[in-house]
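The structure under discussion appears below in the form of structure tokens.
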Amino acid sequence: MPNTNFPYKAEDLSAFAVTFGTFIISLKNGQIVHHEPKDEEKFRQWLIENNVRYLSFSN
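Taking the working numbering, the leading residue of the sequence shown gets 25, the next gets one more, and so forth.
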């Protein structure tokens, strides 16, 4: 994982969305957490590489 001070393992994550640089992440235990990594692209890539579902916002 990139050095982001993110306290969760990939296997604990269910899905994520991003808005204005803030990642909104659903954990498998039902909890929702927010994370603002220093390097948004590296964090997003780490999530995708670990098969965490991406939820896009649509109008």
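All residues carry an ideal CB built from backbone N, CA and C; glycine is no exception. All of these numbers come straight from a predicted model, not from anything done at the bench.
Check	Outcome
Assigned exposure category for Ile49 - 16 Cβ within 10 Å defines buried	buried
Per DSSP, the bridge partner or partners of Tyr78	Phe40
Three-pair Cβ contact test at 8 Å for the segment 51–63 versus the segment 73–80	no
Residue interval of the beta strand (DSSP E) (run including Phe47)	Thr46 to Leu51
For Ile56, the residue or residues it bridges with in DSSP	Ser50
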